[in-house]
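Before any comments, here is the structure.
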Amino acid sequence: MITRSPIPLQCRPAEPAPGAWQAQLAGAIRDPHELCRRLGLAPDWLPGAEAGHRLFEVRVPEAYLARIRPGDPSDPLLRQVLPLGEEAEAAPGFVADPLEEAGHTPKRGLIHKYAGRVLLIASPACAVNCRYCFRRHFPYEENAPSRAQWEETLAYLRDDASIHEAILSGGDPLAASDRQLAWLVERLEAIPHLRRLRIHTRLPVVIPDRIDGALLDWLGSTRLQRVMVLHINHAQEIDDAVVEACRRLQAAGVTLLNQSVLLRGVNDDVDTLAALSERLFEAGILPYYLHVLDPVAGAAHFDIDDDAARALVAELRTRLPGFLMPTLVREVPGEASKTPL
Ligand SMILES: *Cc1c(COP(=O)(O)O)cnc(C)c1O
Ligand code: SF4
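Residue numbers (our numbering): 231 to 571.
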């Protein structure tokens, strides 16, 4: 359960019903021993899992675990969530804050780097802890605003008429309660120059039951145009429950896009990337960005060099219709947009 609430609660939510997304989130595996046992791994994986866990804690909900083939250390979903001893090894150029976001937070919980759009940290927590995450060292505690701080953030948006899009990010914004999110969206839609609400989230993939009636109530009724950018790295992540969740979102008028990270041992071959694009489209999602890894400390073992990344994408282009091609990008600190490779 999320204990820190960045958006003020009007009242305490009731105990979640068994099986509800809140209960699934609260019941996520957070112990490296249990993770190795449930994944059917030999005991020699445990020391690495423990070492990595001390740097960035394990978190894997059951609904995601169910899509992993037990006993297969090369499973592409397992590699995204299992801590390894390599995470403790220093690598040149891999640092705590690769995007230098610390310099772009005019208000707590708000990052304004690009024209016309701002990113709001709407929840400090995620439903899953991805080992390659560029925010694995992000000071969420400092960026989990109180009610007064949210008022300041909203004032910042009101005062800058060039801002047309609010991007809810995190952590994972959908880890916040619907009551909190409905409150925030109501405040955002009262700002006349805001046109779009974008949500960057992995929750509909990790716990598809997150897309429930309470979420569709606020998301389906706002005057703002809605875009959801999901984060899916492999076709195996898209099971029938994810497809169903996507259908519900589309029925509520949400445009669905996907961003992936190019990861060694997860999706660094052309067949896997082609299958991902095809499967995304079956679920009604268009590929948006394919990110090269941000050089965050602890993730160097996922890295792929730029020439190999370009060659993969060139080959992918010979296999897919143009509308299923993601754009290969890197985030370069100080640039006015993501940088195509
Ligand atoms: C990636 C990002 C955005 C969104 O960029 P798009 O190219 O519009 O998807 C906005 N703000 C920040 C701080 C970002 O990192
Ligand atoms: S869901 Fe996104 S923000 Fe959260 S750990 Fe994974 S990559 Fe990082």
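Glycine included, each C-beta is placed from N, C-alpha and C at the ideal position.
Kindly list the residues whose CB is nearer than 6 Å to the CB of residue i, restricted to its own chain and excluding five residues on each side of it in sequence; keep chain order.
i: residue 438; result: 471, 472 and 475
i: residue 259; result: 265 and 290
i: residue 387; result: 393 and 421
i: residue 317; result: 282, 285 and 528
i: residue 543; result: 558
Do residue j and residue i come within 9 Å of each other at the CB atom, strictly closer than that value?
i: residue 401; j: residue 353; result: yes
i: residue 432; j: residue 411; result: no
i: residue 560; j: residue 571; result: yes
i: residue 211; j: residue 326; result: Any question about residue 211 goes unanswered here, given that the chain covers just 231 to 571.
i: residue 518; j: residue 554; result: no
i: residue 541; j: residue 344; result: no
i: residue 329; j: residue 340; result: no
i: residue 520; j: residue 557; result: yes
i: residue 357; j: residue 404; result: yes
i: residue 463; j: residue 300; result: no
i: residue 454; j: residue 418; result: yes
i: residue 315; j: residue 346; result: no
Looking at the structure shown, is residue i part of a helix, part of a strand, or coil, going by DSSP?
i: residue 400; result: strand
i: residue 268; result: helix
i: residue 423; result: coil
i: residue 181; result: Residue numbering for the chain in the displayed model covers 231 to 571; residue 181 lies beyond these limits and cannot be assessed.
i: residue 233; result: Reliability fails at residue 233, whose pLDDT of 42 lies under 50, so the model's placement of it is uncertain and no value is given.
i: residue 567; result: coil
i: residue 295; result: helix
i: residue 395; result: strand
With a CB to CB cut of under 7 Å and the five nearest residues on each side skipped, what residues in its chain are close to residue i?
i: residue 448; result: 408, 411, 412 and 415
i: residue 465; result: 505, 506 and 509
i: residue 280; result: 262
i: residue 271; result: 303
i: residue 233; result: The pLDDT assigned to residue 233 is 42, lower than 50, so where the model puts this residue is not dependable; a value taken from the coordinates is nonetheless given after this. Hits under 7 Å: none found.
i: residue 444; result: 408
i: residue 502; result: 464
Is there a Cβ of chain C sitting closer than 9 Å to that of residue i, yes or no?
i: residue 450; result: The question asks about chain C, but that chain is absent: this structure has only one protein chain.
- Are there three or more Cβ pairs, one per stretch, closer than 8 Å when the segment 415 to 434 is compared with the segment 387 to 401? yes
- Message: Within 8 Å, do at least three Cβ pairs link the segment 519 to 534 to the segment 488 to 500?
- Response: yes
- Taking only runs of the alpha helix (DSSP H) that begin and end inside the segment 302 to 360, which ones reach a length of at least 4 residues, in chain order? 308 to 311
- Task: May I have a chain-ordered list of the alpha helix (DSSP H) segments no shorter than 4 residues that lie completely inside the segment 399 to 487?
- Result: 408 to 419, 433 to 436, 443 to 451 and 470 to 481
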